[in-house]
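Data block below; observations after.
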Amino acid sequence: MKRVLIVYSTKKDLKELAQGLEEGFEKNGARVDLEKAGRRERPLNLSKYNLVLFGSPVLGFFGGKIDNAIGEFLKDCKGTTGQKAMAFVNSSLIGSSKSLKKVMKELEVKGCMVYDFRSFKNAAAAKKYAQKINLEN
Numbered sequence: 530m531k532r533v534l535i536v537y538s539t540k541k542d543l544k545e546l547a548q549g550l551e552e553g554f555e556k557n558g559a560r561v562d563l564e565k566a567g568r569r570e571r572p573l574n575l576s577k578y579n580l581v582l583f584g585s586p587v588l589g590f591f592g593g594k595i596d597n598a599i600g601e602f603l604k605d606c607k608g609t610t611g612q613k614a615m616a617f618v619n620s621s622l623i624g625s626s627k628s629l630k631k632v633m634k635e636l637e638v639k640g641c642m643v644y645d646f647r648s649f650k651n652a653a654a655a656k657k658y659a660q661k662i663n664l665e666n
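Structure (structure tokens):
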């Protein structure tokens with residue numbers, strides 16, 4: 530069975546997007562773990578997952594900022610080098626692309642291979658996207 534980890538910020542509507550992604554991946558037959566971003570008590574090994582997704586809301590007056598909890602979570606992770614990853618943010622009128630780039634940078638600094646990045650309008654859009662992802666590659 531394919532395994533997916535979805536790490537999401539607790540700010541704004543990211544939990545709904547994460548749950549939409551979870552439903553979509555589960556429809557594809559994947560086992561999904563949801564984790565809130567932030568410091569962990571014990572390190573988490575990402576290598577057991579076929580795909581890891583990290584989501585942050587678009588923050589800041591003009592957008593382009595992300596939740597610091599994403600970086601805090603990644604500091605407590607092992608097995609990041611070469612890990613297949615994806616970044617996602619909530620849709621925003623301005624700043625979505627800047628925020629996506631910052632999430633991707635956090636992942637790349639830890640050695641993850643970011644293969645996709647998305648901005649989702651709502652949970653339904655996230656679910657639809659996740660149903661199309663091929664976890665075999």
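If you use my numbering, the sequence shown corresponds to residues 530 to 666, in order. All C-beta atoms in this analysis are idealised placements derived from N, C-alpha and C, irrespective of residue type, glycine included.
Helix, strand or coil at Ile-599 [DSSP, three-state] | helix
Arg-532 and Asn-579: beta carbons closer than 9 Å?
-> One thing to note: Arg-532 has its Cβ within 9 Å of the Cβ of Asn-579.
Let me know the alpha helix (DSSP H) ranges lying completely inside the stretch 573–661, each 4 residues or longer, listed in chain order.
-> 598–604, 625–638 and 652–661
Taking the DSSP output, what are the residues bridged to Glu-552?
-> Beta-bridge partners assigned by DSSP to Glu-552: none are found.
DSSP puts Arg-532 in a beta bridge; with which residues?
-> Arg-560
Find the nearest neighbour of Leu-603 within the set Val-632, Asn-663 and Gly-593, judged by alpha-carbon distance.
-> Val-632
Count the other C-beta atoms from every protein chain shown that fall within 10 angstroms of the C-beta of Glu-635, then say buried if there are 16 or more, exposed otherwise.
-> The residue in question, Glu-635, is buried, as its Cβ has 16 or more Cβ neighbours within 10 Å.
Three-state class that DSSP yields for Lys-544 in the structure shown | helix
Same chain, Cβ closer than 6 Å to Lys-565, neighbours up to 5 away in sequence not counted | Thr-539
For the candidate residues Lys-577, Glu-545, Lys-544 and Ala-559, whose alpha-carbon lies nearest to that of Met-530?
-> Residue Ala-559 is the option with its Cα nearest to Met-530.
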